[in-house]
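Residue numbers (our numbering): 1 to 751.
1. Once you ignore the five residues that flank residue 625 on each side, which residues in its own chain have a CB closer than 7 Å to its CB?
2. Just the C-alpha distance for residue 9 and residue 589, rounded to the nearest angstrom, thanks.
3. Are residue 289 and residue 300 close, meaning C-beta to C-beta below 9 Å?
4. Would you kindly report the start and end of the unbroken alpha helix (DSSP H) that includes residue 314?
5. At a cut of 8 Å, does the stretch 209 to 223 reach the stretch 185 to 195 through at least three beta carbon pairs?
6. Please report the distance separating the alpha-carbon of residue 167 from that of residue 48.
7. Comparing C-alpha positions only, which one of 137, 79, 370, 611 sits nearest to residue 645?
8. Distance, Cα to Cα, residue 140 vs residue 175?
9. Can you give me the start and stop residues for the beta strand (DSSP E) that residue 66 sits inside?
10. Let me know the secondary structure DSSP gives residue 194 once reduced to three states.
11. With a cut-off of 8 Å, do at least 3 Cβ pairs link the stretch 156 to 164 to the stretch 262 to 282?
12. Going by DSSP, what residues sit across from residue 720 in a beta bridge?
13. Cα separation between residue 569 and residue 535?
14. Can you give me the Cβ contacts of residue 701 inside the same chain, cut-off strictly under 6 Å, excluding the 5 residues immediately before and after it?
15. Need the endpoints of the alpha helix (DSSP H) that residue 644 sits in, please.
16. Which residue's Cα is closest to the Cα of residue 87: 512, 110, 18?
17. Starting from residue 391 and walking both ways along the alpha helix (DSSP H), at which residues does that stretch end?
18. Quick one: grab the DSSP three-state call for residue 671.
19. Can you tell me whether DSSP reads residue 634 as helix, strand or coil?
20. Would you call the stretch 175 to 186 in contact with the stretch 121 to 131, where contact means no fewer than 3 C-beta pairs closer than 8 Å?
21. Below 8 Å on the Cβ atoms is my contact criterion, and I expect residue 201 with residue 485 to pass it. Report the Cβ-Cβ distance as a whole number of Å.
22. Can at least three beta-carbon pairs, one atom from the stretch 406 to 424 and one from the stretch 475 to 489, be found at a separation below 8 Å?
23. Residue 753 by DSSP, collapsed to three states: which one?
24. Can you tell me the Cα-Cα spacing of residue 524 and residue 649, whole angstroms?
25. Compute the distance between the beta-carbons of residue 286 and residue 245, then report whether it is under 9 Å.
26. Residue 147 by DSSP, collapsed to three states: which one?
27. For residue 752 and residue 5, which I take to be in contact (beta-carbon distance under 8 Å), what is that distance rounded to the nearest angstrom?
28. I want to check one thing, is the minimum distance from the CB of residue 204 to the heavy atoms of the ligand ZN below 8 Å?
29. Which term fits residue 380, buried or exposed, when burial requires 16 or more other beta carbons within 10 angstroms of its beta carbon?
30. Return the first residue and the last residue of the alpha helix (DSSP H) that residue 262 is part of.
31. In chain order, what residues of the same chain have a beta carbon less than 8 Å from the beta carbon of residue 249, not counting five sequence neighbours either side?
32. Would residue 223 pass as a contact of residue 512 if the rule is Cβ separation under 9 Å?
33. Whole-angstrom Cβ separation of residue 606 and residue 596, contact assumed at under 8 Å?
34. Taking only the alpha-carbon atoms, compute the straight-line gap between residue 57 and residue 393 and give it to the nearest angstrom.
35. What is the DSSP secondary structure of residue 691, counted as helix, strand or coil?
36. What separation, rounded to the nearest whole angstrom, lies between the Cα atoms of residue 396 and residue 467?
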């Protein structure tokens, strides 16, 4: 288990950092600052490791293992030199009540999440269409430079979380550890929130524990803790940056190391997710201007360090993008979704529009009537503002959709925390106005101003998206310390209410742990059957495949229960269908396997868990992948020649994972043999590579192939496995108009 070495490095680094940490107010404070410094230093190690190995095309199992071993050996020498013990038991005092709450949280929240973390393979849509594919290509090529693909998102967007993932993938040999650093950020964010309460507000023990509990029970934090996504890690770095920034203000002596950690965590937050910079930027300005009041020289030093480290950390990615696309961040609207997410209008009404829609995302409930009320309220506000709620200059989606209340890391809002935040905000403002003086609440007021500014900046800059709730996660993580502090102040002498609030927080978190739609511990189908609630919409493409798989049945099989097409893709349930009819509809859909994606993880195979059930036609895709992979596995020794991949608008990672499961992928080499015109000149595209098989889902590509070179074309739905009569090395480039391919070996256009 080479992956243990990676975790050992983190532990050894922590022991060294803790040993040299300066004296703090308590052992808990010493532990927290050591934890944060270790996080930043280890992130720096991984950053340097991957970039240096990439420069010499050595990103592989062997080089990653050696680099981690060298790092561990170096840390071991340091520990031996300074006689640092390998293990030291923590010296934290916990009250009886704290032990009870921690035990409950550990048993009903943490343990199930740890189980999901390692038991369920990554199945988030973004992961299987981008993040995991990116890691595979890095290992194939030995570097993190641009590579042939038809998904440009893999090339130009932030890739820092994949630096950790490529280590996990190489050292473990699989994807079971892909999300482990998201979980690390989940626990770290709780610790950081409690530290900020102490550092900024001098909050008592109760406020610190409550802030950590708010983070632990935050829906998006829970859902992302076991998913291969970016937002939680970005939010964690935001919290660390805020902590070290406020530490600079609180300490009488101006510590250079604190400036460096402040600058590094700020840069890593942005390098992890660009959107996070809008939430941490106001706090950074607060720190810099507060330092200016005491010393212009120190302010200049902090500002210069912040900019310098930011540029250095981002420079390799920016230079790569500029070399490839002529732009620093994204290649252009015609190619890059990132260039399309920026608002094109910025009037006062447009800003209010964005604020209302983004706030509404956090009030997705399990009640259709409440969701409908929130939705109609947003529509009425837009009518009053005379703003089109579906304006494409303000929306990335074609139509404004608030979301269905589904429990998913993509769309779930932080309803209970948002509700608490609004109530607390109102009480805080009333208290300030009643006192007519703000001296005692200066820090709280400035902190709230920074929070509000960050959220407003986010709404001003970015178009509304249905999945913006997850992009708001850094905001809610930064909100937790302020919210906990105000709640404890308001309920200082009402211990019972605080206890009730803690119970409500924990209860509100349970659905996100046990009913995550992508990895449910409890079957959605069982709940659907119990409450007699068949789905309102069924996917026609998926239904057609499932009916064909079950004896060639047609849609008429369901017509008595599903009628009235809402569009070309769906059939809509008759709202007047009686209770008995609903039961029959559920039974019929279940008989053809429609609810397979809604079964609990204990009822699914590993491959079935690899596809997120929210994906359109998930069962169809899985069915085709399984048949194609099984077909290849039966080829025997004759098929061990390399495979050329031409995947377009699909999720190829589940297919590659299935090949792992069939023990055939390690025996072959796979490379993309097509890409789009913008990245047709990168060196990874021209690496020597010959292939005898092509796996593709692009019918246009098949139509332009030389038919005389094709030995056999076997189709599995939308997946084609093409056997060639001899080894080929041609590469293909999709032209900008999307209609032709450039056969680069002959430098000619093929229609």
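Idealized CB from N, CA, C, for every residue including glycine.
From the atom records:
1. Annotation for residue 625: 654, 655, 658, 719 place their beta carbon closer than 7 Å to its own, counting only its chain and skipping 5 residues before and after.
2. Taking the straight line from one Cα to the other gives about 50 Å.
3. No, Cβ-Cβ distance for residue 289 and residue 300 is not below 9 Å.
4. In the DSSP annotation of this structure, the continuous segment of the alpha helix (DSSP H) that includes residue 314 starts and ends at 296 to 325.
5. At 8 Å Cβ cutoff, the stretches touch.
6. Residue 167 and residue 48 have their C-alpha atoms some 13 Å from each other.
7. The residue with the shortest Cα to Cα distance from residue 645 is 137.
8. One C-alpha to the other measures close to 16 Å.
9. Careful: residue 66 lies outside any beta strand (DSSP E), inside the alpha helix (DSSP H) at 61 to 81.
10. DSSP, reduced to helix, strand and coil, places residue 194 within a helical segment of the structure shown.
11. Touching, yes.
12. DSSP output for residue 720 lists 696, 715 as bridge partner(s).
13. Bear in mind that the predicted position of residue 569 carries a pLDDT of just 48, short of 50, making it unreliable; the figure below should be weighed with that in mind. Rounded to whole angstroms, residue 569 to residue 535 spans 15 Å at the Cα level.
14. Correct list, in chain order: 646.
15. Note, residue 644: premise wrong, no alpha helix (DSSP H); beta strand (DSSP E) at 643 to 646.
16. Measuring from the Cα of residue 87, the nearest candidate turns out to be 18.
17. Careful: residue 391 lies outside any alpha helix (DSSP H) and carries neither H nor E.
18. Here residue 671 sits in strand by DSSP.
19. Assignment of residue 634 by DSSP, reduced to helix, strand and coil, places it in the coil class.
20. Taking a contact to require three or more Cβ pairs closer than 8 Å, the stretch 175 to 186 and the stretch 121 to 131 qualify as touching.
21. With 8 Å as the limit, residue 201 and residue 485 qualify as a contact, their Cβ atoms being about 5 Å apart.
22. Taking 8 Å as the limit for Cβ pairs, the verdict is that the stretch 475 to 489 does touch the stretch 406 to 424.
23. The requested residue 753 does not occur in the structure, where the chain is confined to residues 1 to 751.
24. If I take the Cα positions, the gap works out to 28 Å.
25. Their beta carbons are under 9 Å apart, which means residue 286 touches residue 245 by this criterion.
26. Coil at residue 147, not helix or strand.
27. For residue 752 there is no data in the structure shown, the boundaries of the chain being 1 and 751.
28. This structure lacks the ligand ZN, and indeed carries no ligand of any kind.
29. Looking at its Cβ environment, which holds fewer than 16 other Cβ atoms inside 10 Å, residue 380 is exposed.
30. Per DSSP, residue 262 belongs to the alpha helix (DSSP H) from 256 to 272.
31. Cβ neighbours of residue 249 beyond the five flanking positions: 287, 290, 291.
32. Contact flag set, yes.
33. Between the beta-carbon of residue 606 and that of residue 596 there is about 14 Å, and that puts the pair past the 8 Å contact cut.
34. Computed Cα separation, rounded: 42 Å.
35. Secondary structure of residue 691 (DSSP, three-state): strand.
36. Answer to the nearest angstrom: the Cα atoms are 10 Å apart.
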